[in-house]
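In the working numbering, the protein residues as written are 37 to 303. The beta carbon of each residue, even a glycine, is placed where N, CA and C say it ideally should be. On a predicted model such as this, the values are computed, not experimentally measured, just so you know.
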Ligand SMILES: Cc1cc2nc3c(=O)[nH]c(=O)nc-3n(C[C@H](O)[C@H](O)[C@H](O)COP(=O)(O)OP(=O)(O)OC[C@H]3O[C@@H](n4cnc5c(N)ncnc54)[C@H](O)[C@@H]3O)c2cc1C
């Protein structure tokens with residue numbers, strides 16, 4: 037799929053912003069120079085998603101707002117980093133929650149799934165990014181995420197619920213199959229506690245041997261099938277660049293104004 041010029045510009049900006057914020061000419065220059073954190077919790081949320089909770093290992097901590105991402109130096113490397121969206125709104129305790137999807141053959145994610153242990157120290161950089169909830173009174177909101185795209189949207193939702201927003205909010209969440217889906221407990225709890233929130237789950241490739249009674253299809257198609265008119269809505273999407281491009285197109289096709297669509301790479 038071709039990247040749109042807007043999305044290309046966005047990715048380019050994100051990466052250059054990060055370089056500018058780090059003000060570093062080469063990776064070797066920031067080896068070991070991040071903020072030290074400890075891994076305090078590891079929990080498998082699905083067959084390929086790991087929840088990590090990190091806490092400051094010294095006096096310094098990363099101050100962030102909902103929607104930001106951080107960079108982690110891969111242990112054992114000289115400043116090689118990977119970026120991860122923060123998966124929870126800040127609660128003032130310095131903790132950072134991450135949702136990490138295992139990419140087979142991937143350097144850092146294979147390390148997380150095979151070698152990482154609680155108590156391990158990591159070097160973090162950040163926060164980075166511009167993703168945030170735009171508090172427009174009463175405006176209906178549609179959110180869409182694939183896989184770990186849920187991470188930054190969860191952070192935005194936690195903050196919005198904390199601020200008791202009354203905007204109607206619908207979240208479309210898609211996973212490859214039932215084994216890789218995660219987040220059901222959060223979704224159920226939000227729906228129970230917030231009458232303005234609803235969610236829809238779809239699987240893009242459900243396993244034919246496992247019973248699945250929910251929606252089937254990629255998130256942008258499911259939105260097209262289930263929504264009629266998104267004029268006047270705010271839209272948020274998080275996932276890979278391809279997911280973002282497809283969902284942005286669906287939002288626009290359904291009448292959403294381009295300047296009311298906000299997106300974040302997260303996976
Ligand atoms: C702003 C931002 C936020 C992000 N947030 C998240 C997030 O919240 N959660 C998340 O899980 N990811 C997130 N990502 C993606 C993340 O930064 C990493 O790119 C991802 O986790 C892969 O890292 P890795 O080191 O495991 O893979 P890499 O080593 O970088 O490999 C990338 C790809 O190449 C393939 N590959 C590597 N080596 C080989 C080989 N020898 N042969 C064949 N294929 C190979 C891997 O399978 C993988 O598909 C985010 C990215 C950005 C830019």
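Indicate, with yes or no, if ligand 1 has a heavy atom lying under 7 Å from the CB of residue 98. As a working note, residue 98 is residue 62 in the chain shown. Placement of the Cβ of residue 98 at a distance of 7 Å or more from every heavy atom of ligand 1 is found.
Counted within 10 angstroms of its Cβ, other Cβ atoms place residue 123 as buried (16 or more) or exposed: Within the chain shown, residue 123 is the residue found at index 87, counting from 1. So residue 123 counts as buried.
Tell me, please, whether the region 277-290 touches the region 235-252 by the rule of three or more beta-carbon pairs shorter than 8 Å. Cβ pair count under 8 Å is below three, so no.
Is there at least one non-hydrogen atom of ligand 1 closer than 7 Å to the beta-carbon of residue 233? As a first step, residue 233 must be located in the chain shown, where it is residue number 197. No, the beta carbon of residue 233 sits no closer than 7 Å to any heavy atom of ligand 1.
Supposed close pair residue 287, residue 297 - CB separation, criterion 8 Å: One-based indexing of the chain shown puts residue 287 at position 251. One-based indexing of the chain shown puts residue 297 at position 261. That pair is a contact at about 5 Å.
Using DSSP with H/G/I as helix, E/B as strand and the rest coil, what is residue 215? Looking up residue 215 in the chain shown gives position 179. Under the three-state reduction of DSSP, residue 215 is assigned to helix.
Is there at least one non-hydrogen atom of ligand 1 closer than 7 Å to the beta-carbon of residue 134? For this step, residue 134 is matched to residue 98 along the chain shown. Annotation for residue 134 indicates a beta carbon within 7 Å of some heavy atom of ligand 1.
Is residue 137 near ligand 1 - that is, is its Cβ less than 7 Å away from at least one heavy atom of it? Start at 1 with the first residue of the chain shown, and residue 137 comes out as number 101. Yes, ligand 1 has a heavy atom inside 7 Å of this Cβ.
C-alpha distance - residue 237 paired with residue 81, whole-angstrom precision: Position 201 of the chain shown holds residue 237. Position 45 of the chain shown holds residue 81. Annotation: residue 237 to residue 81 spans about 16 Å, alpha carbon to alpha carbon.
Under 8 Å, with one C-beta from each stretch per pair, do the region 152-160 and the region 203-217 reach the 3-pair mark? The region 152-160 makes no contact with the region 203-217; the number of CB pairs closer than 8 Å stays below 3.
For residue 117, report the span of its beta strand (DSSP E) as first-last. By 1-based counting over the chain shown, the position of residue 117 is 81. Where residue 117 is concerned, the enclosing beta strand (DSSP E) starts and stops at 117-121.
Under the three-state reduction of DSSP, which class applies to residue 147: helix, strand or coil? The count along the chain shown starts at 1 and reaches residue 147 at position 111. For residue 147, the secondary structure class from DSSP, reduced to helix, strand or coil, is helix.
Cβ neighbour criterion (16 or more within 10 Å) applied to residue 107: Your numbering for residue 107 matches position 71 in the chain shown. With 16 or more Cβ atoms within 10 Å of its Cβ, residue 107 is classed as buried.
At a cut-off of 7 Å, would you count residue 302 as near ligand 1, judging by its Cβ distance to the nearest heavy atom? Along the chain shown, one-based indexing puts residue 302 at 266. Yes - ligand 1 has a heavy atom lying nearer than 7 Å to the Cβ of residue 302.
Proximity test, residue 119 beta-carbon vs ligand 1 heavy atom, cut-off 7 Å: Within the chain shown, residue 119 is the residue found at index 83, counting from 1. Ligand 1 has a heavy atom closer than 7 Å to the beta-carbon of residue 119.
Applying the criterion that 16 or more other CB atoms from any shown protein chain within 10 Å of the CB defines a buried residue, is residue 183 buried or exposed? Within the chain shown, residue 183 is the residue found at index 147, counting from 1. Classified as buried, residue 183 has 16 or more neighbouring CB atoms from the shown chains inside 10 Å of its CB.
Using a Cβ-Cβ cutoff of less than 6 Å, which residues in the same chain neighbour residue 273 once the five nearest sequence positions on both sides are dropped? Residue 273 sits at position 237 when you count from the first residue of the chain shown. Cβ within range, chain order: 180, 280, 283 and 299.
Identify whether residue 221 lies in helix, strand or coil by the three-state DSSP scheme. Here residue 221 is taken as the residue at index 185 of the chain shown, counted from 1. Reduced to three states, the DSSP call for residue 221 is helix.
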